[in-house]
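Quick notes on the structure that follows.
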Amino acid sequence: MRTIKKIARYALLILLMYSCKNDTTRILPKVSGSAGEVIVVMSNYNWDGKIGEKLREILAKDYPMLPQSEPAFKLIHIPPNGFNNIFQLNRSIIILKDYKTDVESSMQVQTDVWALTQVVVNLIGSGEDKILEELDQNSDKLYNLLENEERKRIQSVYLRSKKVAIDDKLKKEHGVSLTVPSNFNLDVDTTDFVWISHETPDISQGIFIYHYPYDDDSTFTKDYLVNKRNKYLKKYVPGPVDGSYMSTVKDFSDFEEFSFKSERYVTIMRGLWKVENAFMGGPYISLTTLDEERNRIVTIEGYVYAPKKEKITYVRQLEAVLFSFDIVKEKSDN
254 MRTIKKIARY
264 ALLILLMYSC
274 KNDTTRILPK
284 VSGSAGEVIV
294 VMSNYNWDGK
304 IGEKLREILA
314 KDYPMLPQSE
324 PAFKLIHIPP
334 NGFNNIFQLN
344 RSIIILKDYK
354 TDVESSMQVQ
364 TDVWALTQVV
374 VNLIGSGEDK
384 ILEELDQNSD
394 KLYNLLENEE
404 RKRIQSVYLR
414 SKKVAIDDKL
424 KKEHGVSLTV
434 PSNFNLDVDT
444 TDFVWISHET
454 PDISQGIFIY
464 HYPYDDDSTF
474 TKDYLVNKRN
484 KYLKKYVPGP
494 VDGSYMSTVK
504 DFSDFEEFSF
514 KSERYVTIMR
524 GLWKVENAFM
534 GGPYISLTTL
544 DEERNRIVTI
554 EGYVYAPKKE
564 KITYVRQLEA
574 VLFSFDIVKE
584 KSDN
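To get the working numbering, take the position in the sequence shown, counting from 1, and add 253.
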């Protein structure tokens, strides 16, 4: 009888352990910290030395194409003995694990360790040289990882409260799907141009969507896309005084190509916009792709106007919206 009771107790204990293990995601707290904050756990020696310098070079560099210098990430150094429960809840954490014995260098990524939507990067190596080599080889990977995680967090918030009516209208009339935050409103809607914006007394965030026939092999070039952008902005985006309109600062535009969602070719432009004949301007980001089914070019872009304010957070918010877009397939008649 005692044996049976002992087995039953063990069985119950195993069941409870298994249940707790599988329910971890439901009981983890939310992440803490502001967008772009990264906790870096390492000794003062390494933080003040080459490893800390390398991390700052990778992550605290200027965010691309903003009108003033703003670091991409704010690095907060915490020595290992100070890494307590408060800091363990941060959204992004880098932990240096420098072993005296010879171990294989690596950059190991964990998610949801102490909090939901958290990413923890473990830098592993034996000695300064090995860790610096690991950082050199994975600098882009590290930067993109933290950037993508920030974007996913914003997207998850917007997805829960998106403006369904605007998304439905975009699908029906423009063949585009987009997760539009609840605080955005539809300002302009024509046959080939849409303007959606969020306005406050202090800042303005806007989204443009425009599309046109694909009939030029030079479409996917910087000059072509900037000229097309200026054409639409001059027509549909007037400034605050007569004769003023939004345009592109041509000398401050960056252009690159990439594969969106691993299947769609997209060009991305980042740069600065201005208002002709008025003192207004700010950063913009623009995505352009080919809608093969309709044989048209689709551009979706966002802009920020936030004078005297840091703009990186507002740009990241718009990027989260833009990167949610998709081309809607045409309905079959069958």
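Note that CB positions come from ideal geometry on N, CA and C, so glycine has one too. Computed from a predicted model, the values in this text were never measured in an experiment.
Closest Cα partner of residue i within the set the options
i: G335; options: I292, P324, K353, V373; result: I292
i: D455; options: L319, K561, Y485; result: K561
i: I329; options: V294, L342, K415, L319; result: V294
i: F300; options: I280, F576, L543, I348; result: It is Trp, not Phe, that sits at residue 300 in the sequence shown. If we check each option's Cα against that of W300, I348 comes out closest.
i: I580; options: V568, H464, L525; result: H464
i: V372; options: Q390, Q341, K353, D355; result: Q341
i: K488; options: F508, D442, E510; result: D442
i: V574; options: G286, G555, A559, A313; result: G555
i: R523; options: K484, E516, E545, I565; result: I565
i: V410; options: L439, S435, V494, Y316; result: S435
i: L369; options: M360, T354, Y477, E403; result: E403
i: G459; options: T364, L478, V557; result: V557
i: F473; options: H451, I521, N438; result: I521
i: N343; options: N391, S359, G535, T364; result: T364
i: F532; options: A559, D389, V479; result: A559
i: R517; options: I538, G534, P536, T542; result: T542
i: Y352; options: N375, I346, W367, G289; result: N375
i: K405; options: E583, F576, K582, K584; result: F576
i: N391; options: I538, E583, S358, S345; result: S358
i: P466; options: D445, V479, D315, T453; result: D445
i: D315; options: K584, E583, E563, K582; result: E563
Residue i (DSSP reduced to helix, strand or coil)
i: F340; result: helix
i: N275; result: The predicted model places N275 with a pLDDT of 44, which falls under 50 and marks its position as unreliable; any figure quoted below should be read in that light. Residue state, collapsed to three classes: helix.
i: E583; result: coil
i: P466; result: strand
i: P560; result: coil
i: I460; result: strand
i: G555; result: strand
i: L268; result: Low confidence applies here, because L268 scores a pLDDT of 39, under 50, leaving its location unreliable; read the following figure in that light. Three-state result, L268: helix.
i: P317; result: coil
i: K327; result: strand
i: S287; result: coil
i: K475; result: helix
i: D355; result: coil
i: L486; result: helix
i: R549; result: strand
i: L431; result: coil
i: K303; result: helix
i: V447; result: strand
i: V293; result: strand
i: S409; result: helix
i: K415; result: coil
i: S577; result: coil
i: S345; result: strand
Per DSSP, cross-strand counterpart(s) of residue i
i: F437; result: BP columns for F437 are empty, so no partner.
i: Q361; result: N375
i: M522; result: F508, S539
i: P491; result: Y498
i: E452; result: S457
i: G534; result: K527
i: K350; result: I377
i: L369; result: K283
i: R517; result: F513
Anticipated Cβ contact below 8 Å, residue i with residue j, distance rounded
i: I407; j: Q570; result: 6 Å
i: F508; j: V519; result: Not confirmed; about 12 Å, so no contact.
i: S506; j: K475; result: 7 Å
i: F578; j: L431; result: 5 Å
i: S457; j: N438; result: Not confirmed; about 12 Å, so no contact.
i: K350; j: I377; result: 5 Å
i: K303; j: E426; result: Between E426 and K303 the Cβ distance is about 56 Å, and since that is not below 8 Å, they are no contact.
i: G534; j: P320; result: 7 Å
Contact test: residue i Cβ vs the ligand SAH heavy atom, cutoff 7 Å
i: L398; result: In terms of ligand content, the structure shown is empty, and the ligand SAH therefore cannot be addressed.
For the 8 Å Cβ check, are there 3 or more pairs between the stretch 543-555 and the stretch 316-333? no
Whether or not the stretch 378-395 and the stretch 407-417 are in contact is what I'm after, with contact meaning three or more pairs of Cβ atoms, one per stretch, closer than 8 Å; do they touch? no
Do the stretch 375-387 and the stretch 299-316 meet, that is, are 3 or more Cβ pairs less than 8 Å apart? yes
Check whether the stretch 496-507 and the stretch 519-533 touch, using three or more Cβ-Cβ pairs below 8 Å as the test. yes
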